[in-house]
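Residue numbers (our numbering): 221 to 694. Report on one structure; see the data block that follows.
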C-alpha cells in the first residue's frame, strides 16, 4: 500500500462497509487497494505475492461475502453525494453481460443462446454462452456527473430448454412479473428509491427493455418519476384506440438539435421533429383488473430529412412528468440521451478493469470481484466527468497532497497556464496527459481510457517515490 493512498478516497468510500466479520473488512480494504493500484491487471499481478493472492481468493470465495456486503459502503457514499447535490438526479438502469470461456461452464451459468452456424445436414446449431449478467442503477446529475451506484443485481440463466416452446404456448402478459427476469427493473427501482429517500428528485431512465407497465405503476406508488423508451403500442384513452393513433393526430410542436457519432466515429448533428401529448394509458387487457389506468406523457422525436445511408433516428419516450412546452420536451430528450453514461460505465468495467479476463471459476467469486471493480470503475468515470463539469473545485477533492506534488513535478505547466496553484480540472488534465492525452486546444476533453492509463502510471510513480523516500530515511 502506498503512502497517501491509506487516507485517500478509498478509505472514505469503504468506511461504511458492513461485513459479518471485521477480518473480512480488513481483507476487503487491502484487496481493493491493490486492485486500484493495478487497474486492469490480474489478481496475482495486483497482489504481487502468494500470501496476498491466496487471501484475495479466500475473500472472494467466502460464503459470508456477497455483492451487497461489498457495495454497502459505496451505496452509502452514493447517498451522501446525492444529498449534497441539487435538483433532479437521473437513475440510469441497464443490463450487461460478462462472458467467459470455461471447461466447467455449469459452475458459472449461461447468458444467452446463440447461433453456431449449420452442421453437415444443414441444420442450425446452437450453443449457450458461459457467463453472468449484471443489472445496475447508476445515479448521475443532469450535467452527467456520476454520483455512484444505487443498486446492482447479478444472475445467470441456468437453462434454455423449452423456453421458445413456452413462449409459443403462454401469453407473456399473463405471467406474473415476479416470475420474470424483467422483475429486476422493479427491484432496482425500489432499492434506489429507498436508498435516496427523496423519490420526487429521482427520474429513472431505461431503454426499451424497461417498457413494463408494472414499473410505471410501481414508480407512481413510490412517488418517483421515470422516462423510458417504449416498444409497445399500448391501449390509450377509452381503450378503443392506441397510443400511436393519438400521436398520429398530434402535430409537430417544435425542433430539437442533437449531436452524435456515426458508425465511423465521426461527429454528426441532426434535427428532430418533436411531438408530445398527455394521455390516459391503459394496462394490458389481461391485467386491467390488477393495475389502474395512468395519465402519462408520450414524446415522439423523429429525424427530419434523414440521410439514405443509415436508419433515421426515432425516439418514442414515455414519462409521468408533465411536458407543457417544447423546452420541457427537449429537456426530457436530453435526460434520456444521458442513458448512454451507463453504457460507458459498463465499458470501463470490461475494458479498463478487464472483468471478462478473470479466471475465477464460479459465479459467486466473479460477482464479488465485479462488485469490487464497480467501485473502481465508478471512480475512474467520476474523475473523467469531473474534468468536464468542474472548473474551480480544489484539487484535494480527487487527489492527495502527495499526488498533487508528483503531478506538478511530472507534468510541466504550459506557457499559457498561470504558475499559481491550479484548480481540480487542471490536475485532472495533468493526470490525463500522463495517460497519453495531448491536451491540444482542438482536442476533445480527455476520456476514460487516458484517465485510467494516467492513474496507473501515477500509482507506479507514487510507489517508487515512497520506496525512495524510505531508502533515503534509512
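Where a beta carbon is used, it is the ideal one built from N, C-alpha and C, also for glycine.
Q. Taking the alpha carbon of residue 308 as the point to measure from, which residue in 446, 432, 547 and 353 has its own alpha carbon closest?
A. 446
Q. Near residue 542, which residues of its chain fall below 8 angstroms by C-beta distance, leaving aside the five closest residues on each side in sequence?
A. 498, 517 and 548
Q.
Is residue 272 close to the ligand NAD? I mean its beta-carbon at under 8 angstroms from any heavy atom of the ligand.
A. Here there are no bound small molecules, and the ligand NAD is not part of this structure.
Q) Which runs of the alpha helix (DSSP H) spanning at least 4 residues fall entirely within the stretch 603-637, listed in chain order? A) 621-630
Q | Option in 576, 540, 651 and 271 with minimal Cα separation from residue 668 | A | 651
Q: Please state if the CB of residue 313 and the CB of residue 707 are separated by a distance shorter than 9 angstroms.
A: The shown model of the chain, from 221 to 694, leaves out residue 707, and the question about it has no answer.
Q. Are the CB atoms of residue 416 and residue 359 nearer to each other than 9 angstroms?
A. yes
Q) What are the residues that DSSP puts in a beta bridge with residue 520? A) 495 and 536
Q. Taking all protein chains shown into account, do 16 or more other C-beta atoms lie within 10 angstroms of the C-beta of residue 470, making it buried, or fewer, making it exposed?
A. exposed
Q) What residue does the alpha helix (DSSP H) around residue 293 start on, and which one ends it? A) 287-304
Q: Pick helix, strand or coil for residue 639, following the three-state DSSP scheme.
A: At residue 639 the pLDDT is 41, less than 50, meaning the model places this residue with poor confidence; the figure from the coordinates comes in the next sentence. Of the three classes helix, strand and coil, the one that applies to residue 639 here is coil, per DSSP.
Q | Neighbourhood of residue 427 by C-beta, 6 angstroms cutoff - its chain only, sequence neighbours within 5 removed | A | 449
Q: Using alpha carbons as the reference points, say which of 687, 655 and 666 lies closest to residue 678.
A: 655
(Q) Once DSSP output is grouped into helix, strand and coil, what is the label at residue 282? (A) coil
Q: Just mark residue 294 as buried or exposed, buried being the case when its beta carbon has 16 or more other beta carbons within 10 Å.
A: buried
Q) By how many angstroms is the C-alpha of residue 259 removed from the C-alpha of residue 267? A) 12 angstroms
Q | Rounded C-alpha distance that separates residue 420 from residue 629 | A | 47 angstroms
Q) Whose C-beta lies closer than 6 angstroms to the C-beta of residue 684 among residues of the same chain, with five residues either side of it excluded? A) none
Q | Span separating the alpha-carbon of residue 352 from that of residue 689 | A | 44 angstroms
Q. Which same chain residues, not among the five before or five after residue 292, have their C-beta less than 8 angstroms away from its C-beta?
A. 236, 237 and 238
Q.
Suppose you measure from the CA of residue 251 to the CA of residue 515; what does that come to, to the nearest Å?
A. 49 angstroms
Q: Would you kindly report the start and end of the unbroken beta strand (DSSP E) that includes residue 370?
A: 366-375
Q.
Mapping the DSSP letters down to three states, classify residue 484 as helix, strand or coil.
A. coil
Q) Taking residue 529 as the reference, which of 512, 552 and 483 has the closest Cα? A) 483
Q) Taking the C-alpha atoms as reference points, what is the distance between residue 539 and residue 625? A) 48 angstroms
Q. Expressed to the nearest angstrom, what Euclidean distance is found between the alpha-carbon atoms of residue 322 and residue 479?
A. 41 angstroms
Q. To which residues does DSSP link residue 446 through a beta bridge?
A. 424
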